[in-house]
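This report concerns only the one structure given below.
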Amino acid sequence: MSLAPVLLIEDNADDIELTRLAFAQAGIDHPLVVARDGAIALDWLQAHRDGLPALVLLDLNLPKLDGREVVQAIRADPAMRHLPVVALSSSGEPNDIDATYACGADSYLQKPVDFVRFIDDVRQLRARWLAD
């Protein structure tokens, strides 16, 4: 049986590559599907309703639909509202974090400058949401 994918919603090529590397370092074998904006992500989710991802990782600052709008759309859809959603942002401001949780995100990771810390964060995601 194949593993459900992880949907990464991110428009920055460097952050996409950093995430791929962190997943590899953390031993996460789930395929990584990338959507470069919120609208593409929602379209992908609608098209894959019979094979939803195990986890959604999303940047908050996205073109077309921002990350909070994507979270709200996921939570409004009965078929998707159970999906674990982890927001990624460079902001550590408490108001930004609170607003993201208020939209329905399950977790919030501040984009790191330190790759080793990001690998640790990804390992924690694996332990919580991607346990085999």
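Here UniProt numbering is used: position 96 in the sequence shown is 96, and no number is missing along the way. Just so you know, even glycine gets a beta-carbon here, dropped at the ideal spot from N, CA and C. For clarity, every value in this text was computed on a predicted model and none was experimentally measured.
Cα-Cα separation between residue i and residue j, rounded to whole angstroms
{"i": "D121", "j": "L45", "result": "25 Å"}
{"i": "A22", "j": "A76", "result": "30 Å"}
{"i": "L83", "j": "D14", "result": "25 Å"}
{"i": "L3", "j": "D29", "result": "8 Å"}
{"i": "R81", "j": "A47", "result": "16 Å"}
In DSSP terms, what residue i is bridged to
{"i": "A76", "result": "None; A76 has no bridge partner."}
{"i": "D59", "result": "L88"}
{"i": "I9", "result": "A35, L58"}
{"i": "Y108", "result": "A87"}
Secondary structure of residue i, DSSP reduced to three states
{"i": "A47", "result": "helix"}
{"i": "A102", "result": "helix"}
Own chain residues within Cβ distance below 6 Å of residue i, not counting five before or after
{"i": "V56", "result": "L7, L83, V85"}
Distance CB(residue i)-CB(residue j) smaller than 8 Å
{"i": "G38", "j": "E69", "result": "yes"}
{"i": "P53", "j": "V33", "result": "yes"}
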